[in-house]
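Line order of the protein sequences matches chains A and B.
Take the first sequence: its letter number 284 is residue 284 in the numbering used here, and every next letter is one higher.
One gets the numbering used here by counting positions in the second sequence from 1 and adding 617 to each.
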Amino acid sequence: MKIENPVTRPLKAYAFDPSAGRLLGNEMSMAVRFQELDPGPVVRDRWAPNAIAIVDYNGATKQYYKPVDLDDRGILLRGGLSPSEADPYFHQQMVYAVITNTIQHFEEALGRRIHWRRGVREGDLEAAAREDIYTLNIYPHAFVGRNAFYSPRAHGILFGYFRAGTKDVGRNLPGQPVFTCLSHDVVVHETTHAIVDGIRSFFTEQTNPDVSAFHEAFADLAALFQHFTYEEALLDTMERTGGKLYQYQLRPDAEMAGYDDYASATPEQKHDPLLSAQISARNPLIEIAQQFGEATGKNRALRSALGTKPNSLDILKLTEPHARGSILVAAVFDAYFAIYLKRTADLWRIFRAGGGSANPVDIPRPLAMRLCDEARALSRLFFRLCVRALDYCAPVDITFGSYLRSIVTADFDLHPEDEIGIREAVKQSFRLRGIMPENAGFFSDDSIRWPRAPEDLPPVVGLNFGDPNGLTMAQKKEAAAILQAYVTTNCELLGFSAGVPVVVPSFHPVFRINSDGSLRIDMVVEAVQTIEKDFNPAAPKFGKIKFRGGATLIISKPMPGEPSALKNESQIRYVISKKLSPQREERQRRFGEHLGLDGTSDQNRFEINFSMLHGGI
Amino acid sequence: MATKKSKAKKGELRIRMYRVGFGDFFLMTVPTAEGPQHILIDCGVTPGKTKKGDIGSIKAAVAHMAQETSKTLALIIVTHRHQDHIIGFSRAAEIFNDFKVGAIWMSIWETEYDPNEKKEKKKSLASEFQDELTALALGLQSRVALAGKKDSDTDEILAMLQNATGVDHEDFAATGTTASAKKPGKGGGTNAASLAFLKSGLKLEPEYYTRGDKPKIPKVLKDAGLTAQILGPPPTDEIDFMKLMDLKKGVGQYLGEDDGGITEMLDPFGASWQANANEYPLSAFREFSRESKESPNAVMEAAIQAAQPSQLFTAAKTLDDFLNNQSLVVLFTFGGKKLLFAGDAQGGNWEYWMYGGTPEKAPSVDQIDKDSASILSHLDFYKVGHHGSTNATPVSAVETMGGDFASMCSTQEDSFGSEKNQSEVPRIPLLEALAKKSKIVRSDQFAITLSGSEVPAIKGSPTRLPTPDRGRFERGSIYIDYFP
Chain A
1 MKIENPVTRP
11 LKAYAFDPSA
21 GRLLGNEMSM
31 AVRFQELDPG
41 PVVRDRWAPN
51 AIAIVDYNGA
61 TKQYYKPVDL
71 DDRGILLRGG
81 LSPSEADPYF
91 HQQMVYAVIT
101 NTIQHFEEAL
111 GRRIHWRRGV
121 REGDLEAAAR
131 EDIYTLNIYP
141 HAFVGRNAFY
151 SPRAHGILFG
161 YFRAGTKDVG
171 RNLPGQPVFT
181 CLSHDVVVHE
191 TTHAIVDGIR
201 SFFTEQTNPD
211 VSAFHEAFAD
221 LAALFQHFTY
231 EEALLDTMER
241 TGGKLYQYQL
251 RPDAEMAGYD
261 DYASATPEQK
271 HDPLLSAQIS
281 ARNPLIEIAQ
291 QFGEATGKNR
301 ALRSALGTKP
311 NSLDILKLTE
321 PHARGSILVA
331 AVFDAYFAIY
341 LKRTADLWRI
351 FRAGGGSANP
361 VDIPRPLAMR
371 LCDEARALSR
381 LFFRLCVRAL
391 DYCAPVDITF
401 GSYLRSIVTA
411 DFDLHPEDEI
421 GIREAVKQSF
431 RLRGIMPENA
441 GFFSDDSIRW
451 PRAPEDLPPV
461 VGLNFGDPNG
471 LTMAQKKEAA
481 AILQAYVTTN
491 CELLGFSAGV
501 PVVVPSFHPV
511 FRINSDGSLR
521 IDMVVEAVQT
531 IEKDFNPAAP
541 KFGKIKFRGG
551 ATLIISKPMP
561 GEPSALKNES
571 QIRYVISKKL
581 SPQREERQRR
591 FGEHLGLDGT
601 SDQNRFEINF
611 SMLHGGI
Chain B
618 MATKKSKAKK
628 GELRIRMYRV
638 GFGDFFLMTV
648 PTAEGPQHIL
658 IDCGVTPGKT
668 KKGDIGSIKA
678 AVAHMAQETS
688 KTLALIIVTH
698 RHQDHIIGFS
708 RAAEIFNDFK
718 VGAIWMSIWE
728 TEYDPNEKKE
738 KKKSLASEFQ
748 DELTALALGL
758 QSRVALAGKK
768 DSDTDEILAM
778 LQNATGVDHE
788 DFAATGTTAS
798 AKKPGKGGGT
808 NAASLAFLKS
818 GLKLEPEYYT
828 RGDKPKIPKV
838 LKDAGLTAQI
848 LGPPPTDEID
858 FMKLMDLKKG
868 VGQYLGEDDG
878 GITEMLDPFG
888 ASWQANANEY
898 PLSAFREFSR
908 ESKESPNAVM
918 EAAIQAAQPS
928 QLFTAAKTLD
938 DFLNNQSLVV
948 LFTFGGKKLL
958 FAGDAQGGNW
968 EYWMYGGTPE
978 KAPSVDQIDK
988 DSASILSHLD
998 FYKVGHHGST
1008 NATPVSAVET
1018 MGGDFASMCS
1028 TQEDSFGSEK
1038 NQSEVPRIPL
1048 LEALAKKSKI
1058 VRSDQFAITL
1068 SGSEVPAIKG
1078 SPTRLPTPDR
1088 GRFERGSIYI
1098 DYFP
């Protein structure tokens, strides 16, 4: 009798990174979706669109490390290898587990399976096909350096390792090796870059200061929201912050003491701990990559969820991608905590009514657990919203302002009532940071939301939406032909410039549950126009520049029984576009010049080079 | 060639470009009631990646200038602290020591003491920043030079660092010692000595300027009608300090104690964990089987090696950009003529004044500021920024410039960059674009004679000086003059 395969595979990983030790639920067990694996681990199903392969090749020493076999009995019986910095098998296991988990979170949020990058089909088709990534390769120890990055050319993610500094290295040993592949945050962050590159064909083209900042912010958001899914760590943090999850410091185990007369102690004395138990740790839940930050002498984590205070000037000043990105991260987390506080206000009132302090140091475990439930559910909601909003973004030239409009639209599409108040909170926190909805007339919901597609748009006839596991090859070909014909015929109605060909680089069927429990089936279609111009009309030798306009079409499958269903007609609900305009063209030129791209003629120079982004990671 | 007497008619404004190689050495002469008065703008040279940058003429040029000016300068302008702009001040110290100088202008980044601390002398934030930058450059230079790697990138890194520190790394690389900022390199002089001379050797407190400052023009020049506007550098705000932190973070691992290069080769796990490609299942390499059916693993290995981030190169480049962007950018006006000296200002510096000069404006999305556009469209003379290299003269600036001015580019071909990487200096398409707008003269296109032997013009040089729309060019023994 054959025993059925399990649904999940238990594996262990650090919830944060090795420097967090065993406290705070740092050594966690993960139930990772079950896949057939070869040693590496390598996902055996080569046709899985989301397959990954861990290949431990070290480019600095030019050698491989032995690959782990996760089906080894010793590993299976233990529920995965235990965390260890010295065991490369564990490193391979951890990157596999964390990446697979991240993929699963994204797929749940998107309502479809993801796939990796597809090369841009223009000009040299063979070269474009070589850029396709079918199996994303993961190199846990690819180079020596304080960096980790997604590299389309290497078809994967390269993790670096390095020696910690010799001074101010926090909880690290001076000079110890630090592995970026053991930082949960870094792994999720880089995986997110690869996933977004697969979802959108032109998102890595830097056409304005927000593009690379958006990539960094989005990857940080994914890593931060993942923190709230670690149950033990969440509960511990909840208790140590007295329910105030947004606090920077965790309460130390022991009160400050050790003075004969506390009242007359100087402020310095009061802040000078005498015991290690009096040292307060930083809140790992709202920070990114603590070990990396400390090992590089920053004396704190690499970045924080609340790294910028509400102000409308930063957005005008900061251009470094990570710094600018942290404005977006802070805006989202500001909204998250606003709703968390609103949703838990009743619990606090009950707590206080029962004699609880207004500003408690300790909270009872049942209260902590109820607060954790809220925090976790809400983080799931926010993560899904941020991810789904990607489907509501125009295919080119993303800005923070247009992302705000996409978030509001995506939320409205599924929760028209805004029972929880997410849209209001998001609008306020973005406004406080100077992120204004691009080209919207007012600050009301309906004017921030992308407008519905004009009613006179003809329906798309004969479109097959497939099933939640995707489309077959034949279905894909058929759908591609139908969509291509549609955008070509209705080019001007869709708002494209006449006379410039429109191509459809990607389309994805999406399956989601409406708030009333019914199934909604949509198709998200990217349509793009490209024109080539001299970067500098006065000096043609500086090469060409590609200006793109584009629209994302959201097409709904009619409900069975509707008249349109009988005719196999699907209506377009949204046309979210960035048109080819002289203003956008000029902005892209200026920005190219700002990046110093005006002096070369390399065709791919606008694509983000993740390895060279300042400060890495 | 005997030194010709200048053919300047009495009372003529003149800009002289000395041919020193890869570096700037300009002398501007202003007719005044007390006779011609001179302004020196930079005096330096650097050997560059190929070591061809320094043609060995700077001492002779300084001696020539001393004679021409009778060792009296109304004003010295030092745009920034790179070797190719300042080394001359210490290399020819014995000549400069006797100079009488009316005033010195330097970039705000050279401010030695905190101007807010009136009572005691306290090192300014900018000066601490410069010290850190120099220490960083010196540390990197030592590490890279001692590692002894030989390739084009390494040469370029070392050349950029040498320009920043003024230290000749070949000396200490040969003896295995670490670098010292004090030891003079080939040809003599150090950046440190030049800066010390400029800041305190002339018994004259330099003025430190940033965009928008009203410069104190020496009386004799002011009376003659000379005005000046400071366009760059941008004020020192904390953003730049933040970038320094990033820079240090990025290369920190190369700056630790000398570990004989083991960091670069650090193998964290030991021999028992090492494996060959054939210990992996075939499926591990399937992603690269489209490129090679036989040995996909070799394709993958090559891809990983090619993707190794060259942090040192990025760091050296960032450091170089930092210093260039500190450049003091001065616009002189005399008798209705507008003369722009841009030092080595790059993107950030130009952008700041071209787009309105306020940090509150997000760069790159605005139209060029009206005043800046007016300046650019009415130029009479432009000192080509950064020896004609990429990005030192933004495309939008060239677009905005008028069409009938003269420009001078002090440079030496094949000192830095490569045409293959589109990083050659001077950058040919840039000069072509400028040549459409102006009559341009390059210092390396005219031969000079130096103690009996000739430093030839580069290949393909024009045989005659161009004729500008206004004014005229004239050729001298080791210089070229422009009379606006």
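The beta carbon of each residue, even a glycine, is placed where N, CA and C say it ideally should be.
All figures in this text were calculated on a predicted structure; none of them were measured in a lab.
Thinking just about the alpha-carbon of each residue, which of the options is nearest to the one in residue i?
i, options, result
"proline 252 of chain A", "A:Gly25, A:Leu77, A:Leu275", "A:Leu275"
"arginine 113 of chain A", "A:Tyr64, A:Ala127, A:Gly74, A:Asn50", "A:Asn50"
"serine 312 of chain A", "A:Leu432, A:Asn283, A:Asp397", "A:Leu432"
"leucine 535 of chain A", "B:Lys1037, B:Val1012, B:Arg1089", "Reading the sequence as shown, one finds phenylalanine at residue 535 of chain A and not leucine. Minimum Cα distance to phenylalanine 535 of chain A is reached at B:Val1012."
"lysine 533 of chain A", "A:Val426, A:Pro563, A:Gln588", "A:Gln588"
"valine 43 of chain A", "B:Ala1050, B:Ala901, B:Ile1075", "B:Ala901"
"serine 1032 of chain B", "B:Leu899, B:Ile672, B:Arg633, B:Arg631", "B:Ile672"
"asparagine 172 of chain A", "A:Ala20, A:Ile482, A:Ile576", "A:Ala20"
"asparagine 714 of chain B", "B:Phe1090, B:Leu936, B:Leu821", "B:Leu821"
"valine 1015 of chain B", "B:Ser1035, B:Met971, B:Glu1030", "B:Met971"
"alanine 959 of chain B", "B:Ala764, B:Phe746, B:Asn941, B:Ala841", "B:Asn941"
Is residue j closer than 8 Å to residue i when the C-beta atoms are compared?
i, j, result
"proline 39 of chain A", "phenylalanine 886 of chain B", "no"
"phenylalanine 998 of chain B", "leucine 957 of chain B", "yes"
"leucine 285 of chain A", "leucine 234 of chain A", "yes"
"phenylalanine 382 of chain A", "tyrosine 336 of chain A", "yes"
"glutamine 414 of chain A", "serine 515 of chain A", "Residue 414 of chain A is actually leucine in this sequence, not glutamine. In this structure, serine 515 of chain A lies closer than 8 Å to leucine 414 of chain A by Cβ."
"isoleucine 363 of chain A", "glutamate 239 of chain A", "yes"
"serine 1055 of chain B", "serine 1024 of chain B", "yes"
"threonine 663 of chain B", "phenylalanine 639 of chain B", "yes"
"leucine 597 of chain A", "arginine 388 of chain A", "no"
"glutamine 1062 of chain B", "valine 837 of chain B", "no"
"alanine 128 of chain A", "arginine 121 of chain A", "yes"
My output table needs one value for residue i: the three-state DSSP class, helix, strand or coil.
i, result
"cysteine 660 of chain B", "strand"
"proline 321 of chain A", "helix"
"aspartate 731 of chain B", "coil"
"threonine 686 of chain B", "helix"
"lysine 766 of chain B", "coil"
"histidine 655 of chain B", "strand"
"lysine 567 of chain A", "coil"
"phenylalanine 643 of chain B", "strand"
"glycine 74 of chain A", "helix"
"glutamine 747 of chain B", "helix"
"serine 707 of chain B", "helix"
"leucine 235 of chain A", "helix"
"glutamate 492 of chain A", "coil"
"serine 1070 of chain B", "strand"
"aspartate 785 of chain B", "coil"
What does DSSP give as the partner residues of residue i in its beta bridges?
i, result
"isoleucine 521 of chain A", "A:Phe511"
"phenylalanine 143 of chain A", "A:Gly160"
"threonine 530 of chain A", "A:Arg548"
"tryptophan 722 of chain B", "B:Ile694, B:Glu824"
"valine 42 of chain A", "A:Asp38, A:Ala53"
"phenylalanine 1100 of chain B", "B:Arg1089"
Could you tell me whether any Cβ in chain C is nearer than 8 Å to the Cβ of residue i?
i, result
"arginine 163 of chain A", "Within the model displayed, chain C is absent; protein chains A and B are what it includes."
Segment contact, 8 Å Cβ cut-off, at least three pairs: the segment 549-561 of chain A with the segment 523-530 of chain A
At 8 Å Cβ cutoff, the stretches touch.
Taking contact to mean at least 3 C-beta pairs separated by less than 8 Å, is the segment 956-970 of chain B in contact with the segment 179-188 of chain A?
With contact defined as three or more Cβ pairs closer than 8 Å, the segment 956-970 of chain B and the segment 179-188 of chain A are not in contact.
Segment contact flag, the segment 78-87 of chain A with the segment 501-508 of chain A, C-beta cutoff 8 Å, min 3 pairs:
In short, these stretches do not touch, since the Cβ pair count stays below three.
Taking contact to mean at least 3 C-beta pairs separated by less than 8 Å, is the segment 703-721 of chain B in contact with the segment 799-809 of chain B?
With a cut-off of 8 Å, the segment 799-809 of chain B and the segment 703-721 of chain B count as touching, because enough Cβ pairs lie within range.
Across the segment 1067-1077 of chain B and the segment 985-1005 of chain B, are there enough close Cβ pairs to call them in contact, namely three or more that are closer than 8 Å?
No: the two stretches stay apart, fewer than three of their Cβ pairs being nearer than 8 Å.
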